[in-house]
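Student: Before I ask anything, here is the structure I am working with.
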Amino acid sequence: MISRKSEVSNFTPRAITNRSISSNRRRGRNEITEEQKNEIKEAFDLFDTEKTGRIDYHELKVAIRALGFDIKKADVLELMREYDKSNSGYIDYNDFLDIMTQKIGDRDPTEEIIKAFKLFDDDDTGKISLKNLRRVSRELGENLSDDELQAMIDEFDKDMDGEISQEEFLSIMKQTSLY
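Quick note on UniProt numbering: the sequence shown kicks off at 1 and runs consecutively.
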């Protein structure tokens, strides 16, 4: 049997990080994919430790963070005030789904792309170099040669300086369906 600690450490917000969220609004809610709904349900179930179909303040805070969102104590308390109409100290899955749907819809894709860029640009040069790409490749367990990595850079290096600037990275990422 897998321990809860093991489950928590192995939980990754795969669907939540896929930003293919429709900007259409339906009944005042953002639309999210089935995969994202499944990921939200998985997180809720993981942190519903008593399996009651509801979570408390602490479980809510951890579940939101597990899905990749930073949240302050005051913001969690505000969510509890807003969604816990009976003042029971708990919210149910539908409330959690509403909260997470809103949070996903409120994400700024450009801000998320810049955060990703900064993960590559660990030396804070404002560019992704061959060295940066080599490090990320190794961290991900990819066995790519310097020639293959340089070819990636060359493909998207519009100003031909041998590196990928933040603007070039934004352009690359906005062309994908992930953002």
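C-beta: ideal position from N, C-alpha, C; glycine also.
Can you name the residues that DSSP bridges to residue 180?
Tutor: Residue 180 is absent from the structure shown; the chain starts at 1 and stops at 179.
Student: Determine the extent of the alpha helix (DSSP H) in which R65 is found, giving its start and end residues.
Tutor: R65 -> alpha helix (DSSP H) spans Y57 to A66.
Student: Run through the DSSP bridge pairs and tell me what I91 is partnered with.
Tutor: According to DSSP, I91 bridges with I55.
Student: Beta carbon of T52, beta carbon of Y90: below 9 angstroms?
Tutor: Their beta carbons are under 9 angstroms apart, which means T52 touches Y90 by this criterion.
Student: Restricting to Cα atoms, I'd like to know which of E168, F156, L77 and E148 is closest to T110.
Tutor: Per the Cα distances, E168.
Student: Tell me the DSSP secondary structure of D157 in three-state form.
Tutor: Here D157 sits in coil by DSSP.
Student: Where do the N-terminal and C-terminal ends of the alpha helix (DSSP H) with D45 fall, by residue?
Tutor: Per DSSP, D45 belongs to the alpha helix (DSSP H) from E34 to F47.
Student: Look at E127 and Q166 and say whether their C-beta atoms are less than 9 angstroms apart.
Tutor: In the sequence as displayed, the identity of residue 127 is Lys instead of Glu. In contact: K127 and Q166 (Cβ atoms closer than 9 angstroms).
Student: Check whether the stretch 40 to 50 and the stretch 92 to 99 touch, using three or more Cβ-Cβ pairs below 8 angstroms as the test.
Tutor: Yes: at least three Cβ pairs fall under 8 angstroms.
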